[in-house]
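Worksheet for the structure shown next.
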């Protein structure tokens with residue numbers, strides 16, 4: 001046993017000589033000559049009957065040779081053969097002998113415990129870099145299966161080991177769903193969010209494995225590589241050109257072959273070095289971040305792709321994103337925000353920090369149209385309207401670039417976001433609407449039917465005055481919609497699109513511009529009536545099929561009880577789901593003794609901006625449009641809202657009836 005420990009220690013230190021050098025050709029040659037001497041002696045010992053008492057005895061020299069890029073034929077194969085023998089018995093054996101493999105811990109591990117999961121990770125890491133000729137010399141599948149079975153029995157895997165094994169799976173093209181799920185689950189339980197590089201590497205690997213499973217073939221190694229922009233940003237940070245680098249404390253990325261002592265090193269897969277020992281967590285910028293900004297954005301994107309919404313991971317990552325946002329590129333900032341929104345992360349403070357960072361001078365400089373669209377789309381998904389107008393102003397400053405470089409999806413997405421968040425800038429909206437019209441002039445195929453309808457709806461939400469200002473572009477969009485309908489392109493319009501057109505038509509009619517509001521009703525489709533008639537049929541059908549929420553049912557029941565308790569004729573009628581005009585249906589239409597009809601709208605969280613909590617005036621654009629269209633028919637002051645938080649605070653029926661009396665302006669029963 002002493003001979004094995006001494007040989008392993010010598011082999012390990014020989015490989016470390018190369019790690020501590022510049023890795024020049026001379027350094028590499030010297031290291032390999034030393035290993036030649038050691039391996040020759042080791043092989044003699046193996047030939048003389050040296051036996052390994054545990055898997056570590058074989059993994060340590062294997063890993064040392066792999067780090068040094070030393071693949072001497074015969075020796076590596078013998079190590080793998082012994083690990084594979086008897087169905088991987090060494091790997092399955094009791095791992096308590098791990099510490100006994102060394103008379104004292106290797107220098108690199110002197111500060112921390114030696115764990116079996118690190119040894120198994122070393123094995124997988126080494127095999128993933130072994131040349132094909134080495135891997136083909138043993139039954140690799142059975143060897144890895146034996147190792148995987150041993151891993152499945154381990155519940156105390158650390159984040160770094162999980163990350164390295166997942167990366168090895170991706171490099172090897174190994175699709176072991178049980179193992180991947182086990183390792184991913186362990187990431188969520190080990191405080192993995194405190195280990196930025198390990199988590200970044202793990203998420204990139206899992207994303208690659210997901211793509212690998214979908215493709216059914218091995219992935220090109222380039223698909224696992226880090227984003228080249230990340231290396232560029234790392235160099236800028238190291239050179240101090242990114243600004244406030246001393247506060248960010250982001251380390252430059254560099255290659256280190258010593259994965260045992262320094263955690264994951266950056267190799268051709270873009271892995272990043274981690275400092276020795278436990279990471280101190282996601283600290284404030286002044287104390288030093290654990291992530292490069294671009295890495296953080298990439299991690300969040302990977303989490304979103306994998307639908308990994310574990311709060312123990314996403315929460316700290318989101319907070320770090322909010323702090324690092326001022327140092328992100330426009331693309332990374334947009335991607336990080338969109339990833340959080342896609343994951344359903346609801347903390348509005350983080351989105352406020354992201355939006356505030358994007359509004360700072362220079363942060364979004366050089367942003368592409370897609371970056372602006374993704375950023376606003378993400379904020380809209382989580383119903384976050386920035387507290388200050390600065391981000392809208394920055395976006396408007398980019399209007400010229402948007403006017404000349406936006407695609408149809410970008411234009412439609414930005415118009416939709418502005419409408420939902422009830423934001424308006426004439427210069428910005430003109431650039432987007434005019435760009436859509438220009439794209440239509442270039443080729444109608446550049447703009448889908450859905451993009452046309454969404455954009456018209458957005459202009460309608462902005463109100464008759466906005467429609468009037470942008471009437472030239474609106475006219476082009478309307479004519480293209482009518483042309484497609486006349487040509488029989490019914491499949492190009494979803495039912496939701498027809499509903500949007502119906503709402504837009506109501507605003508056009510309110511505007512009073514006959515030339516505009518007559519467009520949709522002027523042409524008939526092949527074998528059908530006018531598009532306008534079809535939109536009305538669709539709106540009616542959607543209104544009839546729309547179900548009632550439990551809160552809406554409770555409000556209706558309370559109104560009916562109130563009708564019974566009040567003096568005869570005070571409330572003439574309570575009509576749930578009653579049509580109002582041609583565009584709308586009221587949640588509840590209440591007829592009062594004075595002849596008024598009042599729409600009582602039961603408004604849940606989706607009707608309000610989450611950035612302005614429990615503010616009854618902070619409705620979103622769609623709700624504002626609904627109220628405006630209902631009021632045109634019922635009269636000003638006859639559209640009343642029951643906000644969800646006010647209703648939920650009322651636990652007793654009597655309190656609810658009193659609330660509704662006050663809302664309707666009636667005396668309490």
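In UniProt numbering, the protein residues as written are 1 to 669.
By construction, the Cβ of each residue, glycine as well, lies at the ideal position given by its N, Cα and C atoms.
Suppose you measure from the CA of residue i to the CA of residue j; what does that come to, to the nearest Å?
i	j	result
residue 12	residue 162	23 Å
residue 18	residue 67	9 Å
residue 145	residue 312	30 Å
residue 45	residue 33	19 Å
residue 31	residue 87	34 Å
residue 468	residue 320	44 Å
residue 509	residue 463	12 Å
residue 179	residue 440	51 Å
residue 310	residue 603	30 Å
residue 513	residue 474	12 Å
residue 425	residue 577	35 Å
residue 293	residue 198	15 Å
residue 430	residue 549	38 Å
residue 276	residue 4	With a pLDDT of only 27 at residue 276, under the threshold of 50, the placement of this residue in the model should not be trusted; the figure read from the coordinates follows. The alpha-carbon atoms of residue 276 and residue 4 are separated by roughly 27 Å.
residue 128	residue 122	10 Å
residue 302	residue 317	12 Å
residue 61	residue 49	17 Å
residue 616	residue 640	11 Å
residue 80	residue 131	13 Å
residue 420	residue 567	42 Å
residue 551	residue 374	33 Å
residue 282	residue 341	In this prediction, residue 282 scores a pLDDT of 31, lower than 50, which makes its location untrustworthy; the coordinate-derived value is nonetheless stated afterwards. Computed Cα separation, rounded: 21 Å.
residue 325	residue 35	47 Å
residue 351	residue 379	7 Å
residue 40	residue 2	18 Å
residue 6	residue 42	10 Å
residue 492	residue 541	19 Å
residue 297	residue 171	23 Å
With DSSP as the reference, please indicate the residues paired to residue i in a beta bridge.
i	result
residue 380	According to DSSP, residue 380 bridges with nothing at all.
residue 603	643
residue 590	574 and 598
residue 608	619
residue 584	580
Which first and last residues belong to the alpha helix (DSSP H) in which residue i is found?
i	result
residue 9	2–19
residue 87	75–92
residue 462	Taken as a continuous stretch (DSSP letters only), residue 462 belongs to no alpha helix (DSSP H), as it is neither H nor E.
residue 327	It is not in any alpha helix (DSSP H) - residue 327 carries neither H nor E in the DSSP assignment.
residue 500	495–511
residue 656	653–664
residue 485	471–486
residue 351	348–359
residue 409	408–420
residue 136	Note, residue 136: premise wrong, no alpha helix (DSSP H); not H, not E.
residue 56	56–68
residue 39	25–47
residue 308	Residue 308 -> no alpha helix (DSSP H), and no H or E assigned at all.
residue 146	140–152
Can you give me the start and stop residues for the beta strand (DSSP E) that residue i sits inside?
i	result
residue 519	Unbroken run through residue 519: none, as it is neither H nor E.
residue 642	639–643
residue 575	571–580
Determine whether the beta carbon atoms of residue i and residue j lie at a separation below 8 Å.
i	j	result
residue 588	residue 562	no
residue 532	residue 520	yes
residue 82	residue 58	yes
residue 353	residue 322	yes
residue 664	residue 598	yes
residue 383	residue 358	no
residue 134	residue 76	yes
residue 580	residue 511	no
residue 620	residue 607	yes
residue 459	residue 470	yes
residue 480	residue 444	yes
residue 204	residue 150	no
residue 730	residue 403	Here the chain has residues from 1 to 669 only, and residue 730 is not among them.
residue 585	residue 574	no
residue 555	residue 647	yes
residue 328	residue 336	yes
residue 304	residue 333	no
So, does the region 491–506 touch the region 447–465, judging by three or more C-beta pairs under 8 Å?
yes
Pairs of beta-carbons, one from the region 393–404 and one from the region 358–367, closer than 8 Å: are there three or more?
yes
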